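Everything on this sheet refers to the single structure shown next.
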Amino acid sequence: MTRVYFNDVVTRDGFQIEPNFIPTDDKVRLIDELSQCGFAKIEVTSFTSPKAIPMLRDAEEVMGRIQRIPGVEYTVLVPNLRGAERAFESKADEFNLVMSTSETHNLANLRMTREKSFAGLAEVIKYVAGRTPINVSLSTCFGCPMEGDVPQKVVEEFAKRFADLGVRGLTICDTTGMANPAQVTQISEALQKQFPNLQLTMHFHNTRGMGLANVLAAVQSGITRFDGSLGGLGGCPYAPGASGNISSEDAIHMLDAMGYDTGMNMPRLLAIARELPTIVGHAVPGQVAKAGRTCDLHQAPDYVKDLRQQ
Ligand code: COA
Ligand code: ZN
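According to numbering that gives the first Met the number 0, the sequence shown is numbered sequentially starting from 0.
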């Protein structure tokens with residue numbers, strides 16, 4: 000049975016784009032509940048500028064108050080050196096650095112060129128000096144909503160430059176749901192071949208309904224690590240048209256049904272997913288929390304029993 004590992008990003012990717020600030024108490028409670036479900040990783044928050052991402056301005060407090068469970072890694076998004084200093088103080092288990100493979104999206108999101116971002120992140124990696132594992136999330140790897148195609152070669156080049164700096168992992172992000180399964184297969188195979196020692200994670204958004212098809216393509220190409228977001232919330236505030244990540248529970252339910260070992264407690268996860276609309280104050284896209292698992296059966300109507308006996 001192939002083991003697959005999930006990282007839930009709802010309190011980072013999900014909450015960063017919510018119209019209303021989610022109270023700190025709710026964030027802490029939600030993370031503590033997610034910690035009990037079997038996730039390999041939880042992306043708790045981001046140490047970005049509170050002016051750029053006001054919804055996550057309580058990052059220190061959230062990191063300080065959550066209960067950490069052995070076996071779960073608590074990762075945080077780090078955009079620059081200042082973010083890395085804050086992440087150290089919060090004792091994050093992993094720093095998730097971020098830059099875009101599209102020049103336009105990098106300028107929109109991080110307000111600098113890709114080369115400036117790369118140089119800044121190289122400085123962060125030098126500063127961390129192996130004290131905390133580093134993952135790099137590369138945004139818009141399957142296309143940019145402003146620029147269009149991002150050649151696979153560009154993704155491979157940035158991947159190589161970060162691999163050469165000694166990072167532990169890379170997350171290949173489809174920031175606005177532009178990836179298709181054929182493209183996912185191609186990039187998954189190429190990156191695994193080139194970087195057999197890196198932890199490779201796929202981060203899909205379901206903006207155009209291709210999210211689970213892309214998970215399937217990736218897992219069948221040998222990828223075993225995925226980001227997902229409870230309820231399917233999420234999106235980058237600086238990427239036009241961004242919408243939710245793949246829903247963690249829908250992706251995990253699919254892989255469970257196919258016989259993958261997800262290590263997850265599904266009933267517990269679904270119970271939390273069902274609380275999410277109350278926390279955020281609106282309906283969420285995730286489907287399995289509404290429909291129930293394929294094994295959650297309904298009672299047949301009485302007339303079926305009568306018909307059977309005829
Ligand atoms: N933590 C807290 N504050 C930070 C910070 C950090 N990591 N980085 C910068 N700041 C503050 C600076 O102190 C400065 O504050 P001031 O105006 O009170 O002096 C302000 O932010 C601007 O700093 P500057 O260095 O000029 O940064 P910038 O305006 O070029 O912004 C980023 C750069 C990356 C920090 C900012 O664009 C950002 O946080 N973007 C968010 C990216 C993101 O998370 N997107 C969604 C996920 S992909
Ligand atoms: Zn995302």
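We put the beta carbon where it would ideally sit given N, CA and C, even for glycine. Source: prediction; values computed, not measured.
(message) Give me, in chain order, the residues of the same chain whose beta-carbon lies closer than 8 Å to that of I251; leave out the 5 immediate sequence neighbours on both sides.
(response) F5, G227, T261, M263, M265, L268
(request) For my contact list, I65 and V43 are in at a C-beta cut-off of 8 Å; report their separation, rounded to the angstrom. (result) 7 Å
(request) Label Y302 either buried or exposed according to how many other C-beta atoms from any shown protein chain fall within 10 Å of its C-beta, with 16 as the threshold for buried. (result) exposed
(request) To the nearest angstrom, report how far apart S340 and F117 are at their CA atoms. (result) The structure shown does not extend to residue 340, since the chain is modelled only from 0 through 309, so no value can be given for it.
(request) Use the C-beta contact count for M201: other C-beta atoms within 10 angstroms, 16 or more gives buried, fewer gives exposed. (result) buried
(request) Mark T175 as exposed unless 16 or more other C-beta atoms lie within 10 angstroms of its C-beta, in which case mark it buried. (result) buried
(request) Compute the Euclidean distance between the alpha carbons of M54 and P300, then round it to the nearest angstrom. (result) 47 Å
(message) If you reduce the DSSP assignment to three classes, tell me which class I30 lands in.
(response) helix
(message) Does the beta-carbon of H297, which I'm using as the reference point, lie nearer than 8 Å to any heavy atom of ligand 2?
(response) no
(message) Less than 9 Å between the C-beta atoms of V283 and G231, yes or no?
(response) yes
(request) Would you mind reading off the limits of the alpha helix (DSSP H) that contains K289? (result) 287-290
(request) Tell me whether the beta-carbon of L275 lies closer than 9 Å to the beta-carbon of G285. (result) yes
(message) What does the alpha-carbon distance come out to for the pair Q191 and R110?
(response) 31 Å
(request) In angstroms with no decimal places, state the Cα-to-Cα distance between G13 and A241. (result) 11 Å
(request) Quick one: measure Cβ to Cβ for L254 and V218, integer angstroms, because I've assumed they're closer than 8 Å. (result) 7 Å
(message) In whole angstroms, give me the CA-to-CA distance for T74 and R130.
(response) 14 Å
(request) Please determine, among D31, D148, P69, V61, the residue with the shortest C-alpha to C-alpha distance to T103. (result) D148
(request) Compute the beta-carbon to beta-carbon distance between G119 and N179, rounded to the nearest angstrom, for a pair I have assumed lies under 8 Å. (result) Between N179 and G119 the Cβ distance is about 32 Å, and since that is not below 8 Å, they are no contact.
(message) Less than 8 Å separating the Cβ of D249 from some heavy atom of ligand 2?
(response) no
(request) Would you please verify whether the beta carbon of A178 is less than 9 Å from any beta carbon of chain B? (result) Looking at the structure shown, chain B is missing, and only one protein chain is on hand.
(message) Once the 5 residues before and after R113 are set aside, which same chain residues still bring their CB inside 6 Å of it?
(response) E102, N105
(request) Within 10 angstroms of the Cβ of Y126, are there 16 or more other Cβ atoms? Answer buried if so, exposed if not. (result) exposed
(request) Alpha carbon to alpha carbon, how far is L296 from F310? Give it in angstroms, no decimals. (result) With the chain covering only 0 through 309, there is no way to say anything about residue 310.
(request) May I ask which residues mark the beginning and end of the alpha helix (DSSP H) holding R64? (result) 58-64
(request) Figure out for me which residue from T100, R81, G70, T223 has the closest Cα to the Cα of E155. (result) T100
(message) Rounded to the nearest angstrom, what separates R11 and Y259 at their Cα positions?
(response) 26 Å
(message) By the DSSP assignment, the alpha helix (DSSP H) with Y126 in it spans what residues?
(response) 113-127
(request) State buried or exposed for R224, treating a residue as buried only when at least 16 other CB atoms are found within 10 Å of its CB. (result) buried
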